[in-house]
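Engineer: Protein chains in written order, with our numbering: chain A, 96 to 317; chain B, 96 to 317.
First the structure, which I've put down as structure tokens, then a few questions once you've had a look.
Right, dumping it as structure tokens:
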């Protein structure tokens, strides 16, 4: 029975995801879904990214959290429109919740790109299509290089892998070469970016990737 | 409908959890459920703990993972019986799965303590009672001190909080005083241990806590 209901839940979610894709197409917006563990550095990556996108792309943010509005407050300080979703007990965002947030955030601003920061979790967020154009896997060096193989769904679906907290790399046993090998087994082509968000290191290739994804999307996806 | 089914799932889980408690009582075993993010250092904590428990408590381990047997292999090297549960897509262990693992691991060895390493996830593992005597929250300094407030259920239920990767503390902005304040808002009495598993720092109070929890349990819980 549980499996049947799960299939129904996923089918209902997929219908909302289609709805979101249509909505984004209509307004010409690229939507990017950031997924990683709690503490992988998703919010810090967003803060750095929003700084560097100024004058390049008009961005908005949808923040997913179990509880609190802490991340949304951090984003607001960057002067970027943000909508908070608190899921209460749910360990992932679903397309219906994101639909409400897209409608809420899309007021007078004409966005080029909307970032969704999913709930900190490597499992279920990868299972729920929210209508995004790209899932981005965020993995910190302090988590260990075995996480790619241990949580394969996200890494196989990702349009890019961002390895964060690179300034701490020298203090960990994270093997960059091994992580690349593991990632390539699951994902033959997605680019890998190595950044330190607090120090602003490695940011340029990542920003270029976002800008060119937006440009490609304008011709193709959107 | 989704909520109704979720309630049924939780009710079925609770029945299995009761079954597990009866099973553990019969064999006089304390069961401890380690919960934390992917990469919080649960396996490293276990490796260090198992080393230090030698001659004090007879331990077994149940390893929960989405995919791979990597953690179980690490535990096996410590010469400790281990049973691997691969959940496939499920983001938490449930009491039924753990029941099978208890039965499988409890052969000729008479355990004092069974550690369960749950799926790396701060959300759902806290929602599913697996019949354990104590949930232990594992939080690394590299994840950030805001995680306690952002994932409140686990931290409110925990019988202890273990803060890991202390050797990296000086390189992060993790505020130990703030984390203690946040934890105390949710949990008035559970002890807080600060450890570095790779360097073996802070291990003694944690080991003493486990040994005395086992002793208390022998009189009361078990």
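Ideal Cβ placement from N, Cα and C applies to all residues, glycine included.
Using a C-beta cutoff of 8 Å, does residue 257 of chain B count as contacting chain A?
Structural biologist: To locate residue 257 of chain B, count along the second chain from 1; it is residue 162. No, its Cβ sits nowhere closer than 8 Å to a Cβ of chain A.
Engineer: Let me check understanding here. Comparing Cα to Cα, which of B:101, B:244, B:118, B:130 lies closest to residue 257 of chain B?
Structural biologist: The residue given as residue 257 of chain B occupies position 162 in the second chain. Nearest of B:101, B:244, B:118, B:130 to residue 257 of chain B, Cα basis: B:130.
Engineer: For residue 231 of chain A, which three-state DSSP category applies?
Structural biologist: Counted from its first residue, the first chain places residue 231 of chain A at position 136. Three-state result, residue 231 of chain A: strand.
Engineer: Among all the DSSP beta bridges, which residues are the ones paired with residue 157 of chain B?
Structural biologist: Residue 157 of chain B sits at position 62 when you count from the first residue of the second chain. According to DSSP, which records beta bridges pairwise, residue 157 of chain B is partnered with B:178, B:211.
Engineer: State whether the stretch 116-125 of chain B contacts the stretch 232-240 of chain B, with contact taken as three or more CB pairs (one from each stretch) at a distance under 8 Å.
Structural biologist: no
Engineer: Return the residue from the list A:264, A:269, A:260 that minimises the CA-CA distance to residue 321 of chain A.
Structural biologist: In this structure chain A extends from 96 to 317, so residue 321 of chain A is not present and cannot be described.
Engineer: DSSP state of residue 288 of chain A, grouped into three classes?
Structural biologist: Residue mapping note: residue 288 of chain A aligns to position 193 of the first chain, counting from 1. Three-state DSSP puts residue 288 of chain A in a strand.
Engineer: Mark residue 307 of chain A as exposed unless 16 or more other C-beta atoms lie within 10 angstroms of its C-beta, in which case mark it buried.
Structural biologist: In the first chain, counting from the first residue as 1, residue 307 of chain A sits at position 212. Exposed, by the Cβ-count rule.
Engineer: When you compare the CB of residue 132 of chain B with every CB in chain A, is at least one pair closer than 8 Å?
Structural biologist: As a working mapping, residue 132 of chain B is identified with position 37 in the second chain. At least one chain A Cβ lies under 8 Å of residue 132 of chain B.
Engineer: With 8 Å set as the bound, which would you pick, yes or no: does the beta-carbon of residue 287 of chain B sit closer than that to a beta-carbon of chain A?
Structural biologist: The residue given as residue 287 of chain B occupies position 192 in the second chain. So no, residue 287 of chain B is outside the interface.
Engineer: Am I right that residue 189 of chain B and residue 223 of chain B are in contact with their C-beta atoms under 8 Å? What's the rounded C-beta distance?
Structural biologist: As a working note, residue 189 of chain B is residue 94 in the second chain. As a working note, residue 223 of chain B is residue 128 in the second chain. At roughly 5 Å, the Cβ-Cβ gap stays under 8 Å, so residue 189 of chain B and residue 223 of chain B are in contact.
Engineer: Check whether the stretch 274-291 of chain A and the stretch 272-292 of chain B touch, using three or more Cβ-Cβ pairs below 8 Å as the test.
Structural biologist: As far as the Cβ criterion goes, the stretch 274-291 of chain A does not touch the stretch 272-292 of chain B, which means the pair count is below three.
Engineer: Near residue 75 of chain B, what residues of its chain come up, given a Cβ to Cβ distance below 8 Å and the 5 sequence neighbours on each side ignored?
Structural biologist: There is simply no residue 75 of chain B to check, as chain B begins at 96 and stops at 317 in what is shown.
Engineer: On the three-state DSSP scale, how would you describe residue 253 of chain A?
Structural biologist: As a position in the first chain, residue 253 of chain A is number 158, starting the count at 1. Residue 253 of chain A: coil per DSSP, three-state reduction.
Engineer: For residue 108 of chain A and residue 169 of chain A, what's the separation of their Cα atoms in angstroms?
Structural biologist: Taking the first chain and counting its residues from 1, one reaches residue 108 of chain A at position 13. Taking the first chain and counting its residues from 1, one reaches residue 169 of chain A at position 74. Those two C-alpha atoms are separated by around 29 Å.
Engineer: Roughly how many whole angstroms lie between the Cα atoms of residue 313 of chain B and residue 227 of chain B?
Structural biologist: Looking up residue 313 of chain B in the second chain gives position 218. Looking up residue 227 of chain B in the second chain gives position 132. Spanning the two alpha carbons is a distance of roughly 14 Å.
Engineer: Taking the alpha carbon of residue 166 of chain B as the reference point, which residue from B:133, B:205, B:219 has its own alpha carbon closest?
Structural biologist: Along the second chain, one-based indexing puts residue 166 of chain B at 71. Selected option, being the one with the closest Cα: B:133.
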